[in-house]
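*Asks:* Quick one: the structure is below, questions incoming.
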Amino acid sequence: MNYKMIVYIMGQILRIVGFCMILPIFVGLWFREHHIILCFAIPAAITLAISLLFTLKKPKNTAVFSMEGFVSVAASWIAMSAIGALPFVISGEIPNYINALFETVSGFTTTGSTILSDVEHMSRACMFWRAFTHWLGGMGVLMFVLAVLSSNDVRTMHMMRAECPGPNVGRLVSKSSFSARILYGIYITLTVSEIIVLVILKMPLFDAVIHAFSSAGTGGFSLWNDSIGHYNSVAIEMAISVFIILFGINFNLFYFMIIRRFSLVFKNEELRVYLGLIAGATVAVGLSLIKQYGSVGEAFRRSFFMVSSTITSTGFVNADPGQWNNFAQTVLLLLMFVGSCAGSTGGGLKVSRVVIIVKTGIRELKYLVSPRAVASVKMDGKPVEKDVVRGACNYLILFVLIFAVSVLVLSHDSFSMEENFSAVTTCMNNIGFGVGRFSTGYLGDLDSVSKIVLCFDMLIGRLEIYPLIMLFAAKKR
């Protein structure tokens with residue numbers, strides 16, 4: 123294990139986080155929140171000092187293999203979450219460190235669950251930092267480092283594989299650093315586009331920035347207690363729905379559109395299933411809500427927004443799903459597990475992984491009926507590599523195992539089985555809201571042990587299990 127290189131990589135990532143913590147200071151100055159300046163200046167200085175210490179001397183051995191890539195990513199996410207919580211504690215807006223850590227992990231992992239019962243009383247600077255953690259975590263801080271630094275291509279592929287969600291990771295161009303720049307360019311362009319659209323739709327600029335950051339990271343933090351429902355605007359809801367659906371698409375497909383390789387986009391099976399699930403779920407949920415809302419238009423308005431927010435794991439709400447009928451809640455619950463596309467900022471198991479698992483099950487059934495039949499799992503008309511199929515199935519097994527253990531640990535708290543299930547579901551799938559008691563995404567009533575477990579679940583969901591396992595299983599070679 124090349125520990126010196128792991129520390130060096132962590133230093134580069136923490137440097138970016140340190141500089142990003144300076145941005146809320148300018149927001150505080152703009153809104154005349156002068157008391158907040160030191161609350162961000164102190165953690166930023168600490169972070170930059172640590173990063174300087176970690177990167178003072180570049181290791182002679184710069185070799186990074188899969189183990190080093192996984193460990194460096196997992197350790198960096200834990201470190202930046204621990205440091206990112208400090209402004210909330212120092213400012214006194216979230217005085218309990220465990221609560222502040224939960225809020226920060228929820229931000230960086232783009233989960234959107236919260237321990238805050240009244241978000242509206244936060245300072246603008248802390249609101250900005252809270253939403254900006256979504257934006258940083260959406261594409262990944264490491265991806266940003268790769269985009270701005272030139273580094274060994276083999277090394278960066280191992281790190282990209284650790285941070286990018288989905289069953290497989292590939293490069294858009296020959297160099298991984300160029301791929302990262304292309305992806306971040308698309309990410310920034312979509313974010314700025316959403317800000318402009320929301321401002322045109324009469325949303326205040328600061329509100330537009332906050333919600334664009336949350337949409338881009340498919341996180342769900344808002345500056346209002348009633349989320350997007352605060353604006354009661356069909357236009358704003360539809361605009362945000364479209365953008366979060368776009369952020370839930372594999373970013374590679376945007377690049378193919380830019381270079382006019384449209385055939386690769388149209389043939390993409392994951393995209394077709396993803397859009398089909400949104401359309402089908404919207405119709406199914408909408409029809410079931412007509413009686414409750416007394417209007418077809420109103421029912422489908424709520425349905426489309428909530429389905430889009432759920433499958434992309436964004437967590438914005440324009441209604442309380444806990445007040446919906448059992449059928450509608452069940453559909454949303456299933457969408458939470460499916461999630462969005464691989465290579466997007468969304469959470470969940472990922473559509474491609476679910477498709478592979480389903481097709482693997484169908485293949486096994488065919489094999490039982492006709493043992494001599496030769497059948498392979500195909501995506502986009504091409505056979506899927508056996509390693510990818512095995513990886514998808516193994517991931518599901520680990521996911522279910524960790525999910526069950528988490529629910530078991532939470533059972534020590536004074537909540538029902540349904541509520542514990544909902545809390546773990548919303549955190550492991552990085553959704554933000556759940557069903558039943560936790561339908562609004564507020565998890566502040568849980569005790570400290572449960573919150574720490576759910577922090578672990580959020581990181582497991584965002585980094586997709588293996589990096590954290592490698593971190594705890596790492597051995598010196």
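In the working numbering, the protein residues as written are 123 to 599.
Every residue gets a Cβ at the ideal spot worked out from N, C-alpha and C, and that includes glycine.
Judging by CA-CA distance, which residue of Glu586, His157, Val331 and Met123 is the nearest neighbour of Leu471?
*Replies:* Closest by alpha carbon: Glu586.
*Asks:* Among the residues of its own chain, which have a CB less than 6 Å from the CB of Gly642, if the five just before and after it don't count?
*Replies:* Residue 642 is absent from the structure shown; the chain starts at 123 and stops at 599.
*Asks:* Is it true that the CB of Ile367 sits closer than 8 Å to the CB of Thr434?
*Replies:* Going by C-beta atoms, Thr434 is nearer than 8 Å to Ile367.
*Asks:* Between Ile172, Cys549, Met127 and Ser301, which lies nearest to Gly437 when the distance is taken from Cα to Cα?
*Replies:* For Gly437, the nearest C-alpha among the options comes from Cys549.
*Asks:* Who are the near neighbours of Leu327 in its chain, counting only those whose CB is closer than 7 Å to its CB and skipping five residues on each side?
*Replies:* These residues qualify, in order along the chain: Val321.
*Asks:* Mapping DSSP to helix, strand and coil, what is Tyr564?
*Replies:* In this structure, Tyr564 counts as strand in the three-state DSSP scheme.
*Asks:* Measure how close the beta-carbons of Gly408 and Phe422 come, nearest whole angstrom, since I'm counting them as under 8 Å.
*Replies:* Indeed, because the Cβ distance is near 4 Å, the residues count as touching under 8 Å.
*Asks:* Restricting to runs no shorter than 4 residues, where is the alpha helix (DSSP H) found entirely within the segment 371–411?
*Replies:* Runs found: 373–380 and 384–388.
*Asks:* Go through its chain and collect everything with a Cβ distance to Asp442's Cβ below 8 Å, but skip five positions before and after it.
*Replies:* Taken in chain order, the residues that qualify are Ser561 and Thr562.
*Asks:* State whether the segment 198–209 contacts the segment 519–534, with contact taken as three or more CB pairs (one from each stretch) at a distance under 8 Å.
*Replies:* Touching, no.
*Asks:* Helix or strand or just coil, what does DSSP make of Thr467?
*Replies:* Thr467: coil per DSSP, three-state reduction.
*Asks:* Taking 7 Å as the limit between beta carbons, can you name the residues of its chain near Leu411, skipping five residues before and five after?
*Replies:* Closer than 7 Å at the Cβ level, and outside the excluded window around Leu411, lie Ala421, Arg424, Ser425, Trp446 and Ala450.
*Asks:* Comparing alpha-carbon positions, which option in Ile310, Glu242, Ala514 and Met428 lies nearest Asn347?
*Replies:* Answer by Cα proximity: Glu242.
*Asks:* From Thr311 to Leu568, what distance separates their C-alpha atoms?
*Replies:* Distance between the alpha carbons of Thr311 and Leu568 is about 38 Å.
*Asks:* Nearest-angstrom Cα distance between Phe343 and Pro493?
*Replies:* When rounded, the distance between both Cα atoms is 51 Å.
*Asks:* Hey, would you say Phe427 sits closer than 8 Å to Ser498, going by beta carbons?
*Replies:* No.
*Asks:* Closest to Lys500 by CA distance: which of Leu223, Tyr588, Leu487 and Ile479 is it?
*Replies:* Minimum Cα distance to Lys500 is reached at Ile479.
*Asks:* Report the CB separation of Ile358 from Leu345 in whole angstroms; it is logged as a contact under 8 Å.
*Replies:* Not a contact, Cβ separation roughly 14 Å.
*Asks:* Can you tell me whether Pro165 is buried or exposed? The criterion is at least 16 other CB atoms within 10 Å of its CB, across all chains shown.
*Replies:* The residue is buried, with at least 16 neighbouring Cβ atoms inside 10 Å.
*Asks:* Round the Cβ separation of Ile159 and Ile147 to the nearest angstrom and send it over; I've been treating them as touching at under 8 Å.
*Replies:* Right, their Cβ atoms sit about 5 Å apart.
*Asks:* Could you pull out every residue in the same chain whose Cβ sits closer than 8 Å to the Cβ of Asn448, ignoring the five residues on either side in sequence?
*Replies:* So the list is empty, once near-sequence residues are dropped.
*Asks:* I need the straight-line Cα distance from Phe224 to Trp251, nearest angstrom please.
*Replies:* Going by the C-alpha atoms only, they are around 14 Å apart.
*Asks:* Could you pull out every residue in the same chain whose Cβ sits closer than 7 Å to the Cβ of Val429, ignoring the five residues on either side in sequence?
*Replies:* Once the five neighbours on either side are set aside, the close Cβ partners of Val429 are Ile400, Ala403, Thr404, Val407 and Leu457.
*Asks:* For Pro505, list the residues DSSP reports as bridge partners.
*Replies:* Note: Pro505 sits in a beta bridge opposite Lys500.
*Asks:* Check this for me: beta carbons of Val546 and Asp502, under 8 Å apart or not?
*Replies:* Contact: no.
*Asks:* Note down the Cα distance separating Ile381 from Ala334, rounded to an integer number of angstroms.
*Replies:* In a straight line, the C-alpha of Ile381 is about 26 Å away from that of Ala334.
*Asks:* Tell me the DSSP secondary structure of Thr236 in three-state form.
*Replies:* In the structure shown, Thr236 sits in a strand (DSSP, three-state: E or B).
*Asks:* Under 8 Å between the Cβ atoms of Glu190 and Met132?
*Replies:* No.
*Asks:* Quick one: what does DSSP say Glu155 is sitting in, helix, strand or coil?
*Replies:* Three-state DSSP puts Glu155 in coil, outside helix and strand.
*Asks:* Looking at Val473 and Ser462, is the spacing between their C-beta atoms short of 8 Å?
*Replies:* Closer than 8 Å, so yes.
*Asks:* Quick one: complete alpha helix (DSSP H) runs, 4+ long, within the segment 299–355?
*Replies:* Listed in chain order, they are 327–338.
*Asks:* Should Glu540 be labelled buried (16 or more other beta-carbon atoms within 10 Å of its own) or exposed?
*Replies:* That one is exposed.
*Asks:* In whole angstroms, what separates the C-alpha of Met143 from that of Phe376?
*Replies:* Answer to the nearest angstrom: the Cα atoms are 30 Å apart.
*Asks:* Return the residue from the list Ser188, Met325, Leu323 and Ile371 that minimises the CA-CA distance to Leu305.
*Replies:* For the residues Ser188, Met325, Leu323 and Ile371, the minimum Cα distance to Leu305 belongs to Ile371.
*Asks:* Identify whether Val557 lies in helix, strand or coil by the three-state DSSP scheme.
*Replies:* Here Val557 sits in coil by DSSP.
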